[in-house]
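In my numbering, the protein residues as written are 285 to 395.
C-beta: ideal position from N, C-alpha, C; glycine also.
For reference, the structure discussed in these notes is given below.
Pasting the structure below:
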């Protein structure tokens, strides 16, 4: 029974966060948060995406989405890039990837 109760709480959590993101920026299903350093200053870039591409949202909406996620996941390390998927409720580390055809995942040959 405890497992079922935990699963219900998790489903409710995912639904609440998705609903709040939709209120902040309608259509948002994915949020990417990337810490960057520009001109010697640390900043955080936030990208809001729908199922079809970027969401048209102002700076305040981006800040609100970031604030929502930092409050929802207080134990997350926000010094690394993260992606939140509102459909699944998964917050993951957003590691850069490249198409396999580029061969960037193979060891570099040294001459």
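Practice task
Have a look at residue 300 and residue 328 and give me their C-alpha separation to the nearest angstrom.
Solution key: One-based indexing of the chain shown puts residue 300 at position 16. One-based indexing of the chain shown puts residue 328 at position 44. Cα to Cα, the separation comes out at about 24 Å.
Exercise for the section: Output the distance between the C-alpha atoms of residue 366 and residue 285, rounded to the nearest integer angstrom. Expected result: For the purposes of this step, residue 366 is taken as residue 82 along the chain shown, with counting starting at 1. For the purposes of this step, residue 285 is taken as residue 1 along the chain shown, with counting starting at 1. Roughly 33 Å between the two C-alpha positions.
Problem - Neighbourhood of residue 320 by C-beta, 8 Å cutoff - its chain only, sequence neighbours within 5 removed - result: Sequence index remark: in the chain shown, residue 320 carries index 36 (1-based). Once the five neighbours on either side are set aside, the close Cβ partners of residue 320 are 326, 327, 328 and 329.
Handout entry: Close-in-space but distant-in-sequence residues of the same chain around residue 354 (CB under 8 Å, 5 per side omitted)
Key = As a position in the chain shown, residue 354 is number 70, starting the count at 1. Excluding sequence neighbours, residue 354 sits near 360 and 362.
Problem - Alpha-carbon spacing of residue 340 relative to residue 375, whole angstroms - result: Indexing the chain shown from 1 puts residue 340 at position 56. Indexing the chain shown from 1 puts residue 375 at position 91. Cα to Cα, the separation comes out at about 22 Å.
Handout entry: Inter-residue spacing [alpha-carbon to alpha-carbon] between residue 377 and residue 312
Key = As a position in the chain shown, residue 377 is number 93, starting the count at 1. As a position in the chain shown, residue 312 is number 28, starting the count at 1. Looking at the two C-alpha atoms, the distance is approximately 19 Å.
Practice task
Using the DSSP secondary-structure output, state which residues sit across from residue 306 in a beta bridge.
Solution key: Your numbering for residue 306 matches position 22 in the chain shown. Answer is none; residue 306 lacks a bridge partner.
Practice task
With DSSP collapsed to three states, give me the class of residue 354.
Solution key: Translated into the one-based positions of the chain shown, residue 354 becomes position 70. Helix at residue 354.
Practice task
Take the Cβ of residue 364 as the centre, count every other Cβ of all protein chains shown within 10 Å, and call the residue buried at 16 or more, exposed below.
Solution key: One-based indexing of the chain shown puts residue 364 at position 80. Result: exposed.
Practice task
Look up residue 293 in the DSSP assignment and say whether it is helix, strand or coil.
Solution key: Numbered from its first residue, the chain shown carries residue 293 at position 9. Of the three classes helix, strand and coil, the one that applies to residue 293 here is helix, per DSSP.
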